[in-house]
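Data first, discussion second: the structure below is written as structure tokens.
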Amino acid sequence: MSSLCQLFYVSNASRPYEDAVIQDILQTSRRNNRRSDVTGCLLFSGLHFAQVLEGAEAVVAPLARRIAGDPRHANVTVLRESHRPEREYGDWSMAYLHDLGLEDRLEQFMRSPEHDQRDIAEVMARMKPDTVMGALR
Numbered sequence: 801m802s803s804l805c806q807l808f809y810v811s812n813a814s815r816p817y818e819d820a821v822i823q824d825i826l827q828t829s830r831r832n833n834r835r836s837d838v839t840g841c842l843l844f845s846g847l848h849f850a851q852v853l854e855g856a857e858a859v860v861a862p863l864a865r866r867i868a869g870d871p872r873h874a875n876v877t878v879l880r881e882s883h884r885p886e887r888e889y890g891d892w893s894m895a896y897l898h899d900l901g902l903e904d905r906l907e908q909f910m911r912s913p914e915h916d917q918r919d920i921a922e923v924m925a926r927m928k929p930d931t932v933m934g935a936l937r
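Quick note on our numbering: the sequence shown kicks off at 801 and runs consecutively.
This is the structure:
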């Protein structure tokens, strides 16, 4: 099995978004990700987005550049990019988590030039789909 690229970023939402906009983003992402063999999770906290993407680097890198240019958010900050032997998000073309409780932590990521890898790992762990309960929304 070849190595997979896993990328985690945070960004500022350009404005408040209603659930219908987020659901549209998810529907489009899920359709496109299935075609491109990309998995991951989108988190929206009300003021920030965070997303984990995983797949072939040749797919994830241009996807991340396209996402960074999306006007629905700004200040896209990649916090972790790594290569892994297997997926952490498996069958989830794009899981979703709406978590207001992570707002302070995401704001801290956006404000500080240095990032504690343990804090990043904790947020990413909260974004993992629950194998017992199913996909996050």
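Where is the CB? At the ideal position from N, CA and C, for every residue including glycine.
Strictly by DSSP, which residues pair up with residue i?
i: ARG918; result: Looking at the DSSP assignment, ARG918 forms no beta bridge with any residue, so it has no partner.
i: GLN851; result: TYR809 and LEU842
i: ALA874; result: ASN812
i: GLU881; result: LEU807
In chain order, what residues of the same chain lie with their CB nearer than 8 Å to the CB of residue i, ignoring the 5 residues before and after it?
i: MET801; result: Reliability fails at MET801, whose pLDDT of 47 lies under 50, so the model's placement of it is uncertain and the value that follows must be treated cautiously. Excluding residues within five positions, the ones whose Cβ falls inside 8 Å are PRO885 and GLU886.
Hey, could you find the ends of the beta strand (DSSP E) residue i is sitting in?
i: LEU897; result: 895-898
With respect to the alpha helix (DSSP H) encompassing residue i, which residues constitute its N-terminal and C-terminal limits?
i: GLU907; result: 903-911
i: ALA864; result: 857-868
Is the Cβ-Cβ distance between residue i and residue j less than 8 Å?
i: ALA856; j: LEU804; result: yes
i: TYR889; j: THR839; result: yes
i: GLN851; j: LEU863; result: no
i: ARG880; j: ALA813; result: no
i: ASN875; j: MET910; result: yes
Enumerate in chain order the residues of its own chain whose CB-to-CB distance from residue i is below 7 Å, with the five nearest sequence positions on each side excluded.
i: MET933; result: Bear in mind that a pLDDT of 45 at MET933, under 50, signals an unreliable position, so the model cannot answer this.
i: SER845; result: ASP899, LEU900, LEU902, GLU903 and LEU906
Check each candidate in the options and name the one with the smallest Cα separation from residue i.
i: ARG926; options: PRO816, CYS841, TRP892 and LEU826; result: CYS841
i: VAL859; options: PRO816, THR828, GLU914 and ARG834; result: ARG834
i: LEU826; options: GLU922, SER893, GLU914 and ILE920; result: SER893
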